[in-house]
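Working notes for the structure below.
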Amino acid sequence: MAFRRDFASNYQFLGAAFNGDLNLRKRLANELDMGDGLEETVANIKDLNGRTALHFAAVGGRAHVCRYLTAEAKLDVNARDGKGETPLHNSITADRYPTAVHLLDSGANPNAATDSGLTPLHYAAKSGLKKLLLLLILKGAEVDAKANSGTPLKWAAIHGQKKAVKILLDNHANPNMIFDFIHSPLVASISASSFDCVKLLLQARADPNTCSLGMTPLEVAASNGETQVIRCLLNAGADPNLTNSRKLRKLEHFFLLTSKGEDAFVRKDYVNAIRWYTEALDTEAALLSSQTFLAEAFILTNRSLCWAHLNEGDLALRDAIASQMVLPSLPKAHYAGGVAWNLSKDFKRAAESFLTGMRLDRGNRQLNDLFRDHREILQAYASFLHADANNL
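First residue of the sequence shown: 2, per the numbering used here; consecutive thereafter.
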């Protein structure tokens, strides 16, 4: 009962910070203090996601509570929650300008990054928050901060935030900064169908011929049917002749990614194998080439097995079925299907899939051994095995 009471009091305390009830917050802090002192008591009160009272006050826009927590309770203004977000991140997400001002004046790091590299400027750019963008830049935010998903400029572009794009470009953001597996700001704006952002980026000398994930901006615009953007790109110097020459490069890139996926698969590095296989499939979709048709089936099969090793049954089944649709005669695709159905405890379908694979490749010892090792399948589908025994 004591644990429940403490747990409830903790959340009441955090709720008071969010709602701006400073008197209740102070009273609860005193009640929760087990002799450790105010500072340690307040610092240890967090929700299940690791958020402190300062995070809650920031989301609620309670600058006066933030002031108390930083000045009197001495809470760390740069405390990170379970995702690596600081109170400043939270104030930006909630569009709390006065609170953001207070946090920055109290020592909040404008370049604090989450676990995925996102800074407060990324959040402000995504939502097109003009005042907060200017505030963060004034306080020293890095306009080209690098996250796993790109720079703030790319975030503004992919969300069609033309005002944010202009502010970032006016403050010397690099329009040509690209990363592996991430679209350039120009291609991001084309994908978002934001003609205004496209124009702003081209005016800032974004390269209309820079390849992004195996495609030129012109190819992306053409595949999306953006005729207005195509004209704009051509006027800015986009070279339509680059398209054919890059088809071969794309094909080479596709097989390179496939090879990296295979290497990771052999090493049992299933997370990175999925990454490389997914990138290869994205490239293959753009190629639509018969040269990659067989490879697509193998990639889907291996990615299915990667998901299975990570115990992601639904994803494993999705890829296995897709592989069977691409190439029904591929035994390994049915092997992957059997593994996926087995994860889902559907032993009948698992048996059917294994048997189909065995018929397609009767000498495949791996399929035969795996099938016979799964006693649940044999028991659940004994009648099917008996009826088909003569066909094996």
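A virtual CB, placed ideally from N, CA and C, is assigned to each residue, including glycine.
As the structure is a prediction and not an experimental result, all values here were calculated from the model.
Inter-residue Cα distance where the pair is residue i and residue j
{"i": "F180", "j": "R360", "result": "45 Å"}
{"i": "Q292", "j": "A298", "result": "With a pLDDT of only 49 at Q292, under the threshold of 50, the placement of this residue in the model should not be trusted; the figure read from the coordinates follows. Cα to Cα, Q292 sits roughly 12 Å from A298."}
{"i": "K269", "j": "L89", "result": "39 Å"}
{"i": "G118", "j": "A148", "result": "4 Å"}
{"i": "Y12", "j": "A113", "result": "26 Å"}
{"i": "I93", "j": "A222", "result": "32 Å"}
{"i": "T100", "j": "R63", "result": "7 Å"}
{"i": "G161", "j": "N110", "result": "27 Å"}
{"i": "L1", "j": "D320", "result": "This structure does not reach residue 1, given that the chain is present from 2 up to 393, and the question cannot be answered."}
{"i": "T211", "j": "F355", "result": "46 Å"}
{"i": "L242", "j": "T217", "result": "Before going on, a small fix: residue 242 reads as Asn here, not Leu. Roughly 11 Å between the two C-alpha positions."}
{"i": "K47", "j": "L311", "result": "31 Å"}
{"i": "A18", "j": "S107", "result": "18 Å"}
{"i": "A9", "j": "L23", "result": "18 Å"}
{"i": "G141", "j": "K261", "result": "39 Å"}
{"i": "A95", "j": "T152", "result": "20 Å"}
{"i": "D362", "j": "P332", "result": "6 Å"}
{"i": "H123", "j": "M178", "result": "15 Å"}
{"i": "I72", "j": "D264", "result": "Strictly speaking, residue 72 in this sequence is Ala, with Ile absent from that position. Distance between the alpha carbons of A72 and D264 is about 54 Å."}
{"i": "S194", "j": "A146", "result": "24 Å"}
{"i": "N1", "j": "L219", "result": "With the chain represented from 2 up to 393, any question about residue 1 goes unanswered, as that position is not in the structure."}
{"i": "R68", "j": "N343", "result": "56 Å"}
{"i": "Q325", "j": "K127", "result": "39 Å"}
{"i": "A74", "j": "G226", "result": "57 Å"}
{"i": "H184", "j": "V144", "result": "17 Å"}
{"i": "N392", "j": "A334", "result": "Because the pLDDT of N392 is 49, which lies under 50, any placement of that residue in the model is unreliable, and the number read from its coordinates should be weighed accordingly. Their backbone Cα atoms lie some 20 Å apart in a straight line."}
{"i": "T87", "j": "A80", "result": "6 Å"}
{"i": "L135", "j": "H103", "result": "15 Å"}
{"i": "L328", "j": "N45", "result": "56 Å"}
{"i": "L137", "j": "P176", "result": "19 Å"}
{"i": "S345", "j": "S150", "result": "33 Å"}
{"i": "L1", "j": "K163", "result": "Given a span of 2 to 393 for the chain in the structure shown, any question on residue 1 remains unanswerable."}
{"i": "F348", "j": "G129", "result": "51 Å"}
{"i": "Y336", "j": "T279", "result": "20 Å"}
{"i": "N172", "j": "E40", "result": "40 Å"}
{"i": "F182", "j": "V78", "result": "33 Å"}
{"i": "D283", "j": "L70", "result": "48 Å"}
{"i": "L105", "j": "K131", "result": "17 Å"}
Beta-carbon spacing of residue i, residue j below 8 Å
{"i": "A341", "j": "A309", "result": "yes"}
{"i": "P186", "j": "L203", "result": "no"}
{"i": "P209", "j": "A174", "result": "no"}
{"i": "A189", "j": "A158", "result": "yes"}
{"i": "W277", "j": "L295", "result": "no"}
{"i": "R97", "j": "A54", "result": "no"}
{"i": "V267", "j": "C233", "result": "no"}
{"i": "A281", "j": "C307", "result": "no"}
{"i": "K84", "j": "T115", "result": "yes"}
{"i": "G314", "j": "H254", "result": "no"}
{"i": "A323", "j": "L301", "result": "yes"}
{"i": "F196", "j": "V230", "result": "yes"}
{"i": "H65", "j": "N91", "result": "no"}
{"i": "G358", "j": "G339", "result": "yes"}
{"i": "G51", "j": "G21", "result": "no"}
Assigned exposure category for residue i - 16 Cβ within 10 Å defines buried
{"i": "R304", "result": "buried"}
{"i": "R206", "result": "exposed"}
{"i": "S330", "result": "exposed"}
{"i": "T42", "result": "buried"}
{"i": "S213", "result": "buried"}
{"i": "T228", "result": "exposed"}
{"i": "V272", "result": "exposed"}
{"i": "S224", "result": "exposed"}
{"i": "L289", "result": "Unreliable positioning characterises L289 in this predicted model, as indicated by a pLDDT of 48, which lies under 50. A coordinate reading is not provided."}
{"i": "D82", "result": "buried"}
{"i": "K155", "result": "buried"}
{"i": "K167", "result": "buried"}
{"i": "L139", "result": "exposed"}
{"i": "S192", "result": "buried"}
{"i": "L15", "result": "buried"}
{"i": "E353", "result": "buried"}
{"i": "L49", "result": "exposed"}
Per DSSP, cross-strand counterpart(s) of residue i
{"i": "I183", "result": "F180"}
{"i": "M216", "result": "S213"}
{"i": "A148", "result": "G151"}
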